[in-house]
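Chemist:
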Amino acid sequence: MGENILSAFKNELGYVDATNQYVELSVRMTEKDYGTVLKNDLQGLAQSVNLNVSTLAEDYMCRISKSYIVNVNSCFENFLKSFRHLPGSPTNITEVEKTKEDDWLEWTLNIAFSNIENDIKNDIDICKYYRLIRNCIVHNGESSATLKNKRALIKTTDNSRLNAPNGLDSLTFDDQVLFSRSAYNVAKYIFNNSQYDINAIIKANRDSLIDLIKPFQELGSHSRATKKVNYFIGLLYPELANVNWEHEVATLLSE
Numbered sequence: 189m190g191e192n193i194l195s196a197f198k199n200e201l202g203y204v205d206a207t208n209q210y211v212e213l214s215v216r217m218t219e220k221d222y223g224t225v226l227k228n229d230l231q232g233l234a235q236s237v238n239l240n241v242s243t244l245a246e247d248y249m250c251r252i253s254k255s256y257i258v259n260v261n262s263c264f265e266n267f268l269k270s271f272r273h274l275p276g277s278p279t280n281i282t283e284v285e286k287t288k289e290d291d292w293l294e295w296t297l298n299i300a301f302s303n304i305e306n307d308i309k310n311d312i313d314i315c316k317y318y319r320l321i322r323n324c325i326v327h328n329g330e331s332s333a334t335l336k337n338k339r340a341l342i343k344t345t346d347n348s349r350l351n352a353p354n355g356l357d358s359l360t361f362d363d364q365v366l367f368s369r370s371a372y373n374v375a376k377y378i379f380n381n382s383q384y385d386i387n388a389i390i391k392a393n394r395d396s397l398i399d400l401i402k403p404f405q406e407l408g409s410h411s412r413a414t415k416k417v418n419y420f421i422g423l424l425y426p427e428l429a430n431v432n433w434e435h436e437v438a439t440l441l442s443e
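Count along the sequence shown from 1, then add 188; that gives the number in the numbering used here.
1) Beta carbon of Asn373, beta carbon of Asp291: below 7 Å?
2) Thinking Ile398 and Tyr318 are a contact (beta carbons under 8 Å), I'd like their distance in whole angstroms, please.
3) Contact between the stretch 236-244 and the stretch 410-419 is defined here as three or more beta-carbon pairs at a separation below 8 Å; is this criterion met?
4) Under 8 Å: do the stretch 339-346 and the stretch 356-364 share three or more Cβ pairs, one atom per stretch?
5) Please look up how many angstroms separate the CB atoms of Leu233 and Leu226, rounded, as I've assumed it's under 8 Å.
6) Under three-state DSSP, which class holds Asn347?
7) Which whole-angstrom value is the C-beta distance of Leu293 and Ile321, which I expect to be below 8 Å?
8) Determine the contact status of Ile299 and Asp385, defining contact as a CB-CB distance below 7 Å.
9) Assuming Ser370 contacts Cys315 (C-beta within less than 8 Å), just tell me the rounded distance between them.
10) Mind checking Asp254: buried by the 16 CB within 10 Å criterion, or exposed?
11) Output the distance between the C-alpha atoms of Ser332 and Asn303, rounded to the nearest integer angstrom.
12) Let me know the beta strand (DSSP E) ranges lying completely inside the stretch 414-442, each 3 residues or longer, listed in chain order.
13) Taking Cβ positions, are Val260 and Phe404 nearer each other than 7 Å?
14) Got a sec? Which residues, its chain only, sit under 6 Å from Trp295 by beta carbon, not counting five neighbours each side?
15) For Tyr377, does the count of other Cβ atoms within 10 angstroms reach 16, so buried, or fall short, so exposed?
16) If you scan the stretch 196-227 from start to end, which runs of the beta strand (DSSP E) of 3 or more residues do you find wholly inside it?
17) Compute the beta-carbon to beta-carbon distance between Ile389 and Tyr419, rounded to the nearest angstrom, for a pair I have assumed lies under 8 Å.
18) Indicate the three-state DSSP secondary structure (helix, strand or coil) for Ser277 in the structure shown.
19) How many Å lie between Val284 and Gln209 at the Cα?
20) First and last residue of the alpha helix (DSSP H) that includes Ala235?
21) How many Å lie between Thr279 and Val431 at the Cα?
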């Protein structure tokens, strides 16, 4: 049995966030305790810990924050790819091909939903903004009107305690906090609100399910078999509506 992709994403995002927090702590403590040394004797300070650093870019804090955005985006994109490989998910069963020009989030949303709830739209806009930021970072792009327009769409009232979103050349740790939070919200929305194909799910897990319910061939044991199957599928998927589990189990037992 595979791993629940939302739980896997939450765990991976947690590792990324913790790593980013550790880096940010290190930077802030270095600035606090060695700010003067950084300016006057950077090379000597570096050599004290067996590193060879002779110059420090003026915007090094922003550059570090840019790496946070790249890390969170990679994690989020991995979730969207896992969703595509999840048997029965909308992007798994679709016949619509994803092209190189399609970004993962936009393509997934277009396939999975005809309408998107208002409550999640701001988080989606945040994710789209930071994806563009990530592309500029990776491809050495510059701030553009498109970036400014995307940033202007974001409502900050829900995250008033954060000094974010910021522009490409003024990113801070708050930007990674905002992006990470929104990425998880969007992933959870996609995972929990998509419509899944039960036939594709059963087909992909048929062998495991048959082995699971083999001991319950007797008619009086079918209810236990149904609970077993429901529990098994529930480990990998959200609660699936409009599924006749008794029928699915009866079909499996008849094979």
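Here a beta-carbon is modelled for each residue, glycine too, at the ideal position from N, C-alpha and C.
Modeler: Inspection of the coordinates gives the following:
1) No.
2) Rounded, the Cβ-Cβ distance is 44 Å, inconsistent with contact.
3) no
4) no
5) 7 Å
6) Helix at Asn347.
7) About 14 Å separates the two Cβ atoms, so there is no contact after all.
8) No.
9) Rounded, the Cβ-Cβ distance is 5 Å, consistent with contact.
10) The residue asked about is misnamed: residue 254 is Lys in this sequence, not Asp. Lys254 is buried by the Cβ-count criterion.
11) Spanning the two alpha carbons is a distance of roughly 29 Å.
12) none
13) No. Outside cutoff.
14) Lys286
15) buried
16) none
17) Not quite, the Cβ-Cβ distance comes to about 14 Å (not below 8 Å), so this is no contact.
18) coil
19) 39 Å
20) One point to set straight first is that residue 235 is Gln, not Ala, in the sequence displayed. Where Gln235 is concerned, the enclosing alpha helix (DSSP H) stretches over Leu230 to Gln235.
21) Looking at the two C-alpha atoms, the distance is approximately 20 Å.
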